[in-house]
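According to the numbering used here, the sequence shown is numbered sequentially starting from 1. Worksheet: one structure, shown below.
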Amino acid sequence: MRMKNIFSIILVTLVISLIQGCSVRGFDENDSSGNFKSAEETYKSGSYEMAITELREFIARFPYSQHTAEAELMVANSYFELAQYEDAVFEYEQFVKLHPVHPEIDFAMYRVGESYWMEAPEDIDREQEFTKRAMAEWEKLIAKSPNGKYTALAKKQIELGMRRLAESEQFIARFYCKQGIYHACAQRYLAIIDKFGRYPEIANDAKKKAAGALVELAEEKKKNPDKIDNLYFRDYSAAQLAGMAQKLVSDQQGDKK
């Protein structure tokens, strides 16, 4: 029994030590401002992993402090600086939900988009889902604060995103054309004309390529009217396809004048 009691005491001591080790050293439960200042200094020094630990400890112990919102934003910023963008998105979104009238709300909203943007590939031959997500977040910011501090920057980034998406769509359309899949080639280029008409060089190239693909489809239709792999234009006659191609050529020539 005595050995059992000794073992129990040792076990309790170890548990207490582990619990104490999980807390930030030097944390004073009675000094909210002092603890925040200490965590802030760690954050400003660039020790972001340690800053996250200290800031979370502060937030947990002082959830109603005047510094809590600022600490939460610092946690989000720390994840961003560590390039842990998925965590950064979550923390910024939580900040936006919890503090909708905070002076830094526009910054947090902008950073949600920027976090997605940092995850997005620059290469146009890769999936651009994160580019689209970033643009959607910046559009939310612009809608909320049309004249806000970060609105102009958000608009600039959206423009970069639109260009990237246009070039990505061009890459996909070219692939279908090279593979001789003319119905997909034409459909992609027609979509480019519709979505990205703001870029004359891209729109003109799309009209030219779409017209060429439609001519190929018209020829295929003449040879085999019942061909079933023409997913987008199966209900068009050869004459209609040729007419669509001619209109695109005329439009392109008119744009050049």
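Idealized CB from N, CA, C, for every residue including glycine.
Within the region 112 to 164, the runs of alpha helix (DSSP H) at least 4 residues long that lie entirely inside it are, in chain order, 129 to 144.
In the same chain as I105, and ignoring 5 residues on each side of it, the C-beta atoms closer than 7 Å to its own belong to V96 and H99, in chain order. Around the beta-carbon of Y64, fewer than 16 other beta-carbon atoms lie within 10 Å, marking it exposed. The Cβ atoms of F171 and D205 do not sit closer than 8 Å to each other. Excluding its 5 nearest sequence neighbours in each direction, M118 has C-beta neighbours in its own chain below 6 Å: Y85, listed in chain order.
By the C-beta criterion, the region 164 to 184 is judged not to be in contact with the region 138 to 147, since fewer than 3 inter-stretch pairs fall below 8 Å.
Under the three-state reduction of DSSP, Q179 is assigned to coil, being neither helix nor strand.
Taking the CA atoms as reference points, K207 sits about 14 Å from L241. When secondary structure is reduced to three states using DSSP, P200 falls in the helix class. The Cβ atoms of A210 and L231 lie no closer than 8 Å to each other. Three or more Cβ pairs closer than 8 Å define a contact, and the region 196 to 204 falls short of that threshold against the region 215 to 229. Y43 carries a helical assignment under DSSP once its states are collapsed to helix, strand and coil. The alpha-carbon separation between N35 and F58 amounts to approximately 7 Å. Each residue's CA atom was taken as its position, placing E129 and H102 some 30 Å apart. When secondary structure is reduced to three states using DSSP, R234 falls in the coil class, being assigned neither helix nor strand. Rounded to whole angstroms, E167 and M74 show a C-alpha spacing of 36 Å.
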